[in-house]
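Reminder that position 265 of the sequence shown reads as 265 in UniProt numbering, one-by-one numbering, no gaps.
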Amino acid sequence: MLRSSPTLAWRGLGPDSHCHPPGVVKVMPAWNPQRYQHEGKIRDIDQGILDSVVRIINRIRAVDARLPVILTLRHLSVLTDVPYKYLRDVVSRQAGDYKRVLLKKRVPGRTRHREISIPNPVLAGVQKWINENILQFTSAHPLSYAYHPESQAVFAATPHCGCRWLLKVDLTDFFHSISESDVYAVFKSLGYSPLLAFELARLTTMLSASSRPAPADFTERWSSIPAYACEKQGVLPQGAPTSPMLSNLVMRDLDEGLAQLAEAAGYTYTRYADDLAFSTAKDVGLEHVQRLRKSVLLKLAKSGFSGNLRKTVIRGPGARRMVLGILVDGHEPRLAREYKDALRQHLYYLLSPAHGPAKHAGARNLSVSTLFYHVRGKIAWAERVEPSFGSACLEEFEKVDWPPVDVARQRSRDA
């Protein structure tokens, strides 16, 4: 196993020139193991180390040639221009690297909070590097429609159009249900050495109140590094730039299992983050959907996830069937009537000579700029779901006489 020594990272040995700091001998981008071995011998590097490195590089390249070669944690510190000691402290769970923010979320009859964990700028920079150089070259399951380029909620809803029965399952505490051992398995599957995969998992997870004990076989693997000892496993932070795509990669096998379960029962399956949907155009009856619901919840539990029973619902003929706020009981996705009415009302007041943007913003206790982006965002959503309606709204929106923001705020106060 390669330990985090400076030997390889600072000697300029690697398949890509971008993998090493300025001033070292650069190696041609085309990976040539024979040439690598030859240069290593010239630099008097131990043959055992060279063989180990070649195996790692070949393994990474076999997964995807675009993935960066990273040999050790110290090598990563060179690539990210972040001090090695800082990375080591994060991996050792010795650094306080997240700011916890509680956001209120409305729950009927009670108040609950969603915890957002914001990494400090240095750690956020490392995580962004991991996102841009590693995770962007991975793929989510085809039926996962969130957290990857060109993904849209409407794409997750459209396959359910025309359904007669709809089962919706919401996952409880989604990100915190994904552990560092799950994330370790992702990085290891990309070809990285077990130790580095573990260190990458530590850099992209955090300890929280929901952290579970680490499996014995997982902790024993790193027993030779006392600083890495920790009784509990980290979880994905909701707020870290790496968490969305990592959650997709962890869910790949479960997505495939749920897709097969749905197909065997005659249903269509999609997932958008923590929202799962199963639908069928057949008149199967309530009992059939209830049996599927039981099978789905059991499969989730076996994978370490739990369904939010309050948000797990069945909708059949005669009920309004919606996925991610989109009506799917017709042949095409549609906006809910109340959504359209609210948008029409905004446009009426914005275009009314008696009201206008400043007064309308004041009545809503908003700044004009906030109102502008709020309404424009609602129109953008309408354009995705019902393009003709959205385009008509945009045409009206562009007729609004928007004052400069600073002037508009004063007018709003004076109104």
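C-beta atoms are modelled at their ideal positions from N, C-alpha and C, and glycine is treated no differently.
Test item: CB-CB of residue i and residue j under 7 Å
| i | j | result |
| --- | --- | --- |
| Val284 | Lys168 | no |
| Ile118 | Lys99 | yes |
| Asp170 | Asp341 | no |
| Gln238 | Ile116 | yes |
| Leu135 | Val183 | no |
| Val186 | Ser211 | no |
| Glu180 | Ala197 | no |
| Ala262 | Phe278 | yes |
| Ser265 | Leu309 | What sits at residue 265 in the sequence shown is Ala, not Ser. Not a contact, by the Cβ cut-off of 7 Å. |
| Asn248 | Ala124 | no |
| Thr242 | Thr204 | yes |
| Leu351 | Lys378 | no |
| Ala240 | Gln94 | no |
| Pro333 | Val385 | yes |
Opposing strand residues paired with residue i [DSSP bridges]
| i | result |
| --- | --- |
| Glu115 | Leu102 |
| Tyr272 | Asp275 |
| Gln47 | Answer by DSSP bridge pairing: none, since Gln47 is not bridged. |
| Pro213 | Lys232 |
| Met206 | Val235 |
| Thr280 | Trp165 |
| Leu335 | Ile326 |
| Arg315 | Leu166 |
| Ala354 | Answer is none; Ala354 lacks a bridge partner. |
| Ala240 | Gln238 |
| residue 435 | The requested residue 435 does not occur in the structure, where the chain is confined to residues 1 to 415. |
| Ser139 | Its beta-bridge partners do not exist; DSSP assigns none. |
| Ser144 | Arg271 |
| Ser369 | According to DSSP, Ser369 bridges with nothing at all. |
| Ser179 | Val235 |
Cut-off 8 Å between Cβ atoms - residues of its own chain near residue i, not counting five sequence neighbours on either side
| i | result |
| --- | --- |
| Val54 | Pro33, Tyr36, Gln37 |
| Val296 | Leu167, Val169, Leu258, Leu261, Leu276, Phe278, Gly307 |
| Thr370 | Ala361 |
| Arg221 | Pro194, Phe198 |
| Gly23 | Reliability of the predicted coordinates at Gly23 is poor, the pLDDT of 34 falling under 50, and the value obtained from them is presented with this limitation in mind. Once the five neighbours on either side are set aside, Gly23 has no close Cβ partner at all. |
Neighbourhood of residue i by C-beta distance below 7 Å, restricted to the same chain and skipping five residues each side
| i | result |
| --- | --- |
| Tyr272 | Tyr145, Ala146, Ala153, Ala156, Leu324 |
| Ala216 | none |
| Glu398 | none |
| Ala281 | Gly162, Cys163, Arg164 |
| Pro213 | Glu231, Lys232 |
| Ser208 | His176, Val235 |
| Val90 | Asp97, Leu123, Arg202, Leu203 |
| Pro387 | none |
| Tyr267 | Phe278, Ser279, Thr280, Leu292 |
| Gly304 | Ser177 |
| Asp64 | Phe137 |
| Val289 | Trp165, Leu167, Ile314 |
Sequence-distant residues of the same chain with beta carbon closer than 6 Å to residue i, five excluded per side
| i | result |
| --- | --- |
| Arg174 | The identity of residue 174 in the sequence shown is Phe, whereas the question assumes Arg. Excluding residues within five positions, the ones whose Cβ falls inside 6 Å are Asp274. |
| Val375 | His346 |
| Ala227 | Ser92 |
| Ser412 | Note that Ser412 scores a pLDDT of 43, beneath 50, so its modelled location is shaky and nothing firm can be said. |
| residue 445 | No statement about residue 445 is possible, as the shown extent of the chain runs from 1 to 415 and does not include it. |
| Tyr349 | His355, His360 |
| Leu87 | Leu73, Ser77 |
| Pro6 | At Pro6, the pLDDT of 43 sits below 50, so the modelled position is not reliable; the number obtained from the coordinates is stated separately. Excluding residues within five positions, the ones whose Cβ falls inside 6 Å are Arg74. |
| Ser224 | none |
| Glu120 | Residue 120 is actually Asn in this sequence, not Glu. Answer for Asn120: Asp97, listed in chain order. |
Assumed close pair residue i, residue j - CB separation to whole angstroms, cut-off 8 Å
| i | j | result |
| --- | --- | --- |
| Leu327 | Ala319 | Rounded, the Cβ-Cβ distance is 11 Å, inconsistent with contact. |
| Gly390 | Glu383 | 3 Å |
| Leu76 | Phe137 | Not a contact, Cβ separation roughly 16 Å. |
| Leu73 | Ile56 | Contact flag wrong, Cβ pair sits at about 14 Å. |
| Val122 | Val82 | 6 Å |
| Leu286 | Gly316 | 6 Å |
Cβ of residue i within 7 Å of any chain B Cβ
| i | result |
| --- | --- |
| Leu297 | Within the model displayed, chain B is absent; a lone protein chain is all it includes. |
*Are the region 147 to 161 and the region 298 to 308 in contact at 8 Å, needing three or more beta carbon pairs?*
no
*Are the region 239 to 253 and the region 130 to 146 touching by the rule of at least three beta carbon pairs closer than 8 Å?*
yes
_Could you check whether the region 388 to 403 touches the region 354 to 363, counting it as contact only if at least three pairs of C-beta atoms, one from each stretch, sit closer than 8 Å?_
yes
*Is the region 60 to 73 touching the region 187 to 194 in the sense that three or more CB pairs, one from each, lie closer than 8 Å?*
yes
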